Each structure stands twice: as structure tokens, then as C-alpha cells.
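Trainee: Be aware that the sequence shown starts at 6, since it is given in my numbering, and climbs by one per residue.
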Amino acid sequence: MGQNVDLRVLRAEEFDAVTLRHADHYAEGEPFARATDTQEHALTEAQGALDEMLPQGTDTPRNYLLAAESGGETVGELWCDTTEPETVFINDFFVYPACRGHGWGNAMLRAVEELAAAQSFEQVVTHVYHTNRIALEMFEAAGFTQVGPPKGGNIFLRKRYLRSPFLV
């Protein structure tokens with residue numbers, strides 16, 4: 006079965022470090038999507054998007070910033086939202102570099118899926134930057150399928166749990 010993790014809500018004092026890491030990660034990849042961007046512009050754009058999407062930080066309604074832990078060690082972080090009906094959207098999925106290649110990403114994904122299914126969400130949706138083959142393969146191996154054509158370098162993926170006449 007592999008590794009297991011527990012998900013806990015991110016503490017307020019961890020929020021700044023997580024958002025800085027998210028903005029840096031975005032800035033690394035985003036200039037490749039639009040050749041006219043600079044890393045500085047991408048970093049500013051990322052911080053603006055985070056401020057807009059998480060105006061109340063860890064207290065922003067229907068947004069869940071989570072740490073993945075095993076044996077007292079934090080192995081990664083997740084940011085999910087439930088702003089769309091019946092959907093858990095994974096905005097950010099990050100396994101710490103030292104923890105990669107050991108099954109922690111799969112464990113984190115299983116934990117999110119178990120929470121979503123237990124709370125009767127119909128689907129989990131995420132996006133993966135087209136150059137991130139490892140993440141794309143992980144999601145596809147877990148049963149996620151591509152939804153529509155890539156947009157802005159992102160491939161959108163979905164896994165359904167309950168069938169609904171409203172989901173196509």
C-alpha cells in the first residue's frame with residue numbers, strides 16, 4: 006500500500022512560508038508559459054493571485070491549506086478549495102524535495118481522495134503544468150483523466166467519485 010499521511014490544517018504561522026514557496030514555484034514555471042515574462046513579473050503575478058484567492062489567509066472560507074505529516078514529519082503541503090459545487094479542487098500540491106521519490110505524493114493524494122469521498126464530493130479536480138511529467142503520471146496512475154485541452158500550459162485532470170447528471 007505504501008506510505009500513509011495525516012492531513013492537518015496549516016497553522017497561521019506557517020502560512021507566509023507556504024505562500025512564499027508557492028509564489029517562487031509559480032515564478033519558476035510561469036516564464037516558460039509566456040516567453041515575454043520575467044521571473045520578477047511572474048513572482049509579482051503569483052503573489053497578487055494568492056492575495057486575491059486567499060484574502061483572509063488560512064481563514065479564507067472554503068479554502069483548505071493542509072500539511073501532510075507522517076510520524077511527526079511534514080512531507081508536503083496541499084491547498085484545496087471547495088468553491089465549485091460538489092468539487093474539491095487541488096490548487097497546489099507540493100512534496101518537499103527531500104521527500105520525493107518515496108511515495109509521499111501518492112499518500113497525500115490518497116488522503117485527499119479519502120476526505121473527498123467521505124464527504125460525498127463528486128469529483129476531485131487539479132491542474133498540472135505540462136512539463137511536470139512526474140506529477141502528471143502520478144495523477145493519471147491514480148485514475149485521473151484529462152479534461153479538455155491544455156490551457157496556458159496547464160493540463161486539467163479530474164477523478165469522479167459519485168455520478169451526477171450535471172457532470173459531463
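Where a beta carbon is used, it is the ideal one built from N, C-alpha and C, also for glycine.
Please read these numbers as outputs of a predicted model, since none were measured by experiment.
Beta-carbon within less than 6 Å of V133's beta-carbon, same chain only, minus the 5 sequence neighbours each way: which residues are those?
Mentor: Counting from one through the sequence shown, the residue named residue 133 turns up at place 128. A140, L141 and I160.
Trainee: Can you have a look at T41 and say buried or exposed, based on whether 16 or more other CB atoms are within 10 angstroms of its CB?
Mentor: For the purposes of this step, residue 41 is taken as the residue at position 36 of the sequence shown. Here the model assigns T41 a pLDDT of 44, short of 50, so the residue's position is not dependable, and the following value carries that caveat. By the neighbour-count rule (16 or more Cβ atoms within 10 Å), T41 is not buried but exposed.
Trainee: Go ahead and label E57 buried or exposed: buried means 16 or more other beta carbons lie within 10 angstroms of its beta carbon, across all protein chains shown.
Mentor: As a first step, residue 57 must be located in the sequence shown, where it is residue number 52. When all chains shown are included, E57 counts as exposed.
Trainee: Out of Q61, L59, G62 and A28, which has the shortest C-alpha to C-alpha gap to H46?
Mentor: Along the sequence shown, one-based indexing puts residue 46 at 41. Among Q61, L59, G62 and A28, the Cα nearest to that of H46 is on A28.
Trainee: Looking only at its own chain, which residues have a Cβ that is under 6 Å from the Cβ of H135, when we skip the five neighbours before and after it?
Mentor: Stepping through the sequence shown from its first residue, residue 135 is reached at position 130. Counting only Cβ-Cβ distances below 6 Å, and skipping sequence neighbours, we find P155, G158 and I160.
Trainee: If E82 sits next to Q128, beta carbons under 8 Å apart, how far is it from one beta carbon to the other, in whole angstroms?
Mentor: For the purposes of this step, residue 82 is identified with residue 77 of the sequence shown, where counting begins at 1. For the purposes of this step, residue 128 is identified with residue 123 of the sequence shown, where counting begins at 1. Between Q128 and E82 the Cβ distance is about 22 Å, and since that is not below 8 Å, they are no contact.
Trainee: Identify whether A121 lies in helix, strand or coil by the three-state DSSP scheme.
Mentor: The residue given as residue 121 occupies position 116 in the sequence shown. Helix.
Trainee: With burial defined as no fewer than 16 other Cβ atoms inside 10 Å of the residue's Cβ, what is the status of G110: buried or exposed?
Mentor: For the purposes of this step, residue 110 is taken as the residue at position 105 of the sequence shown. It is buried - the Cβ of G110 has at least 16 other Cβ atoms within 10 Å.
Trainee: By Cβ distance below 6 Å, which residues in the same chain neighbour T88 in space, the five residues on each side in sequence not counted?
Mentor: Position 83 of the sequence shown, counted from the first residue, corresponds to residue 88. Hits under 6 Å: R67.
Trainee: Name the residue from N96, E145, Y166 and F149 whose alpha carbon lies nearest to the alpha carbon of A122.
Mentor: Looking up residue 122 in the sequence shown gives position 117. Of the candidates N96, E145, Y166 and F149, the one whose C-alpha sits nearest the C-alpha of A122 is Y166.
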